[in-house]
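Sequences listed follow chains A and B, in order.
Once you know that position 203 of the first sequence is 203 in the numbering used here, the rest is easy, because the numbers rise by one and skip nothing.
Once you know that position 3 of the second sequence is 3 in the numbering used here, the rest is easy, because the numbers rise by one and skip nothing.
Some notes on the structure that comes next.
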Amino acid sequence: MNLFRLAGDMTHLFSIIVLLLKIHATKSCSGISLKTQELYVIVFLTRYLDLFTRFVSLYNTVMKIVFIGTSFAIVWYMRYHKVVKQTYNKDEDTFKHYFLLLPCFVLALLLHNEFTTMDVLWTFSLYLEAVAILPQLVLLQQSRNIDNLTGNYVFFLGAYRGLYVLNWIYRYFLQDHRARWIPWISGLVQTALYADFFYYYILSWKKHEKLKLPA
Amino acid sequence: TETQAAKDEL
């Protein structure tokens, strides 16, 4: 494992901690898209099916369990916690997330490495993760007031993807010289989706102003 | 395979 990969995983973990902290400490999930969070539950469940069939390392196993557990915890908070659920911007979280599932699944059926249940679902999880942030970005665009924790959450989530791209470059040229087209292309698409957000995030940070995305 | 190699990532 190289430093970019580790840094990527840590920013991913950190983004989740920031989100859980926001929800737990402020008892509010305003500005957070439940649809994106539900998609992440599906992403982790379909990607980590090999949790009990293939051991990579203790690090991988622990991280997989943490990602599955925290994604469930976030969805639970937003749906069932009696205070938190009242802060959910249901009317603004309008993205039809179910429409992302079918195209990703069809694409995974068409483009994969091995035609096995596990491999197709693993591929599906990569395609779905690439677009899972869309409901969140749409919600941010509709929000007048983006609080710092929400902005930071999305920032760290985007940073994780950017670091994974650097990890792939490093791996390809300096470690194993293997092409991994499916994770690469979906990862690049995913990173590109953050470009606009990053632009306004950095702009607001430079100007010491509150983050606001143009409609 | 490509798949096996890529699956050590999260």
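We treat Cβ as the ideally placed atom computed from N, Cα and C, and that holds for glycine.
The structure presented is a predicted model; accordingly, all values stated were derived computationally and were not measured.
| query | For N60 of chain A, which residues in chain B fall below 8 Å Cβ to Cβ? | reply | As a working mapping, residue 60 of chain A is identified with position 60 in the first sequence. Residues of chain B whose Cβ lies closer than 8 Å to the Cβ of N60 of chain A are, in chain order, D8 and L10.
| said: Assuming the contact rule is C-beta atoms closer than 8 Å, I23 of chain A and I74 of chain A should be a hit. Round their C-beta distance to whole Å, please. | reply: Looking up residue 23 of chain A in the first sequence gives position 23. Looking up residue 74 of chain A in the first sequence gives position 74. About 7 Å separates the two Cβ atoms, so the contact holds.
| task | Count the other CB atoms, across all protein chains shown, that sit within 10 Å of the CB of T150 of chain A; report buried if there are 16 or more and exposed otherwise. | result | As a working mapping, residue 150 of chain A is identified with position 150 in the first sequence. A residue is called buried when at least 16 other Cβ atoms come within 10 angstroms of its Cβ; T150 of chain A meets this threshold and is buried.
| field | CA-to-CA distance, Y199 of chain A to L58 of chain A, given in whole angstroms | value | As a position in the first sequence, residue 58 of chain A is number 58, starting the count at 1. As a position in the first sequence, residue 199 of chain A is number 199, starting the count at 1. Their Cα atoms are separated by approximately 37 Å.
| said: If you follow the alpha helix (DSSP H) that T191 of chain A is in, where does it begin and where does it stop? | reply: Counted from its first residue, the first sequence places residue 191 of chain A at position 191. T191 of chain A: member of the alpha helix (DSSP H) spanning W181 to L193, first to last residue.
| said: Relative to the C-alpha of W132 of chain A, which candidate in A:R161, A:L109, A:N113 and A:S143 has its C-alpha closest? | reply: Position 132 of the first sequence, counting from 1, holds the residue named residue 132 of chain A. Looking at the sequence shown, residue 132 of chain A is not Trp but Ala. It is A:R161 whose Cα lies nearest to the Cα of A132 of chain A.
| field | Contact set for Q141 of chain A: own chain, Cβ-Cβ below 7 Å, skip 5 residues either direction | value | Here the question's residue 141 of chain A lines up with position 141 in the first sequence. Excluding five sequence positions before and after Q141 of chain A, the CB atoms of its chain that fall closer than 7 Å to its own CB belong to L213 and A215, given in chain order.
| query | Does M10 of chain A get closer than 8 Å to chain B when you measure Cβ to Cβ? | reply | Within the first sequence, residue 10 of chain A is the residue found at index 10, counting from 1. Not an interface residue.
| request: Give the straight-line distance between the Cα atoms of L111 of chain A and S186 of chain A, rounded to the nearest whole angstrom. | output: On the first sequence, position 111 is the one that residue 111 of chain A refers to. On the first sequence, position 186 is the one that residue 186 of chain A refers to. L111 of chain A and S186 of chain A have their C-alpha atoms some 12 Å from each other.
| request: Evaluate contact between the stretch 30 to 41 of chain A and the stretch 87 to 100 of chain A, counting only Cβ atoms and requiring at least three cross-stretch pairs below 8 Å. | output: Contact between the stretch 30 to 41 of chain A and the stretch 87 to 100 of chain A is present, because at least three Cβ pairs lie under 8 Å.
| Mind checking whether L45 of chain A and T61 of chain A have CB atoms under 8 Å apart? | As a first step, residue 45 of chain A must be located in the first sequence, where it is residue number 45. As a first step, residue 61 of chain A must be located in the first sequence, where it is residue number 61. No, the Cβ-Cβ distance between L45 of chain A and T61 of chain A is not below 8 Å.
| said: Alpha carbons only, please: which of A:L6, A:Q190, A:T26 and A:W168 is nearest the one belonging to Y127 of chain A? | reply: Stepping through the first sequence from its first residue, residue 127 of chain A is reached at position 127. The residue with the shortest Cα to Cα distance from Y127 of chain A is A:Q190.
| query | Is it right to say E38 of chain A is buried, meaning 16 or more other beta carbons lie within 10 angstroms of its own, or is it exposed? | reply | Counting from 1 along the first sequence, the entry for residue 38 of chain A is found at position 38. The residue is buried, with at least 16 neighbouring Cβ atoms inside 10 Å.
| request: If I'm right that V120 of chain A touches L102 of chain A with Cβ under 8 Å, what's the distance once you round it to whole angstroms? | output: Residue numbering aside, residue 120 of chain A sits at position 120 when the first sequence is read from its first letter. Residue numbering aside, residue 102 of chain A sits at position 102 when the first sequence is read from its first letter. The pair is not a contact, with the Cβ atoms about 14 Å apart (cut-off 8 Å).
| query | Can you name, in chain order, every residue of its own chain whose Cβ lies under 6 Å from the Cβ of H12 of chain A, other than the five neighbours on each side? | reply | The sequence position of residue 12 of chain A within the first sequence is 12, counting from 1. Same-chain partners within the cutoff: Y160.
| task | Keeping to the same chain, check which residues put their C-beta closer than 8 Å to that of V18 of chain A; ignore five residues upstream and five downstream. | result | Position 18 of the first sequence holds residue 18 of chain A. Once the five neighbours on either side are set aside, the close Cβ partners of V18 of chain A are L149, N152, Y153 and F156.
| request: Please state if the CB of L193 of chain A and the CB of L139 of chain A are separated by a distance shorter than 8 Å. | output: Position 139 of the first sequence, counted from the start, is the residue given in the question as residue 139 of chain A. Position 193 of the first sequence, counted from the start, is the residue given in the question as residue 193 of chain A. The Cβ atoms of L139 of chain A and L193 of chain A lie no closer than 8 Å to each other.
| query | Quick one: which chain B residues come within Cβ less than 8 Å of R5 of chain A? | reply | Locating residue 5 of chain A in the first sequence gives position 5, where the first residue counts as 1. Listed along the chain, the chain B residues whose CB falls inside 8 Å of the CB of R5 of chain A are E9.
| field | Interfacial residues, the stretch 64 to 75 of chain A to chain B, with Cβ spacing under 8 Å | value | Listed by position along the chain: K64 and F67.
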